[in-house]
Amino acid sequence: MPRTRHAGLVLRGAFFVRGTVRETVYAGGMQRLASAIALVSALVACSHVERQTDDVSPTCSVWVLGTAQDGGVPHVGCQKACCTDARREGLARYPACLGVVDREHGKTLLVEATPSIDAQITLLQEVTGLRGTGRNPVDAVLLTHAHIGHYAGLVHFGREVASTKKLPVWVSERMAAFLRTHGPWKQLVELEQIELHTIRLGDEFRPLPAIRVRAIPVPHRDEYSDTMAFQISGPNRTVLFVPDIDRWDDDHDERRLDRLLDSVDVAYLDGTFWDGSELPGRDLAEIPHPLITATMLRLADRARHMPGSLRFLHLNHTNPLWREPALQRRLEEAGFGLARRGEQVDL
Ligand SMILES: [Zn+2]
Ligand SMILES: [Zn+2]
Ligand SMILES: [Zn+2]
């Protein structure tokens, strides 16, 4: 298998070659998509050569199950080409979401419960061959914050749909209080369909036996909950997941970005907007996300030394990076990556 070595990081084959795996879900096409993804997953796995060889199958992995901003693509009400083309072609991009597998214990973890939760859990089950336990389609859920693209999928665990049984859901203290006291979420707690586990900041916790997670609070539009970034670790590697953040640092915390990336092998970063030009008439200073172009400037050295290890997701439907090959080339030539649904990182 062709391999490229970059500063200790081996990318087996290329990350998804455009067109190798269709990000299209037609009615009834999920099985086909998942099978295709399972077939090529080995091609896109990353591994540290120093710690792991091709002969040893990894015990833990992270899968990317979605890469869009909360509203996905197509985006409700959007009549621009970004969404009218997608509707015409039957193309669907799901909100940012990861699946984690602990193969030694046969368990899975869903990171974010998005409005596309059924398709994302189905994909996770297909690629891992694991079906959860009893009525629970996954073994645990981990949530960053209370915005619709990140937690609204919880409704499907309720009486009207899956009616899960004490499914562990890991959240911050503030988010736990919100879920306990507001419908429809509080009914999930009262009927013991979900069981809230409160994350203590600074402490590592284990949502699955072989998976360690550290939560780092990040600034964001926090109406109902605070917002977390997660460092997710297996036996060998650590992945950072920070889909939503307003700014990498500020007067309160000048080293936030350094701390987020500390000891991280692969980072999935907020890539909501490319350079702001997708929002004509808006003052750039008021856009509450670091622009991809600005993040690329800040992390240029790291990207050069560890190509492919800094990967953008949570892209808005208007983000030109989805559709412009010249921008994708610019990103990749600078050593960054665009996260693709179905890509896998071994932990
Ligand atoms: Zn979001
Ligand atoms: Zn659109
Ligand atoms: Zn948000």
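With positions in the sequence shown counted from 1, the corresponding number in my numbering is that position plus 3.
Ideal placement from N, C-alpha and C gives every residue a C-beta, glycine not left out.
| message | Based on DSSP bridge pairs, tell me the residues matched to T241. | response | S236
| task | Tell me whether D247 counts as near ligand 1, meaning its Cβ is closer than 6 Å to at least one heavy atom of that ligand. | result | yes
| When V269, T296, L263 are compared against G279, the one with the closest alpha-carbon | T296
| Check your reading: residues with Cβ closer than 6 Å to ligand 2 heavy atoms | Taken from the N-terminal end onward, the list reads H78, C81, K83, C85, C86, H320, T321.
| field | G152 beta carbon near ligand 1 (any heavy atom closer than 6 Å) | value | yes
| query | Which value, in whole angstroms, describes the spacing of the CA atoms of V47 and E289? | reply | Any reading at V47 is ruled out, since the residue's pLDDT is 41, under 50, leaving its predicted position unreliable.
| Is the segment 208-227 close to the segment 156-169, with three or more CB pairs under 8 Å? | Taking a cut-off of 8 Å for Cβ pairs, the segment 208-227 and the segment 156-169 do not touch, as fewer than three such pairs fall below it.
| field | Span separating the alpha-carbon of L2 from that of A179 | value | The requested residue 2 is not part of the displayed model; the chain covers only 4 to 350.
| query | Per DSSP, E198 forms a beta bridge with which residues? | reply | In the DSSP assignment, E198 forms a beta bridge with P171.
| For ligand 1, is there a heavy atom less than 6 Å away from the beta-carbon of D353? | Absent from the structure is residue 353, since the part of the chain shown begins at 4 and ends at 350.
| Sheet register partners of S64 (DSSP bridge) | V104, D349
| field | The alpha helix (DSSP H) enclosing K189, as first and last residue numbers | value | 188-193
| request: Closer than 6 Å by C-beta to R177: which residues in its own chain qualify, once you throw out the five before and the five after it? Chain order, please. | output: Within the same chain, R177 has close Cβ partners S228, D229.
| With 16 other CB atoms within 10 Å as the buried threshold, where does K110 fall? | The residue in question, K110, is buried, as its Cβ has 16 or more Cβ neighbours within 10 Å.
| said: Going by C-alpha to C-alpha distance, which of H320, R344, A122, T321 sits closest to R314? | reply: R344
| Ordered list of beta strand (DSSP E) runs contained in the segment 251-309, each at least 3 residues | 269-273
| request: Alpha carbon to alpha carbon, how far is L324 from Q331? Give it in angstroms, no decimals. | output: 6 Å
| said: If I measure Cβ to Cβ from C85 and keep anything under 6 Å in the same chain, skipping five residues before and after, which residues do I get? | reply: H320, T321
| request: Look up L204 in the DSSP assignment and say whether it is helix, strand or coil. | output: coil
| Do I219 and L263 have their C-beta atoms closer together than 7 Å? | In this structure, L263 lies closer than 7 Å to I219 by Cβ.
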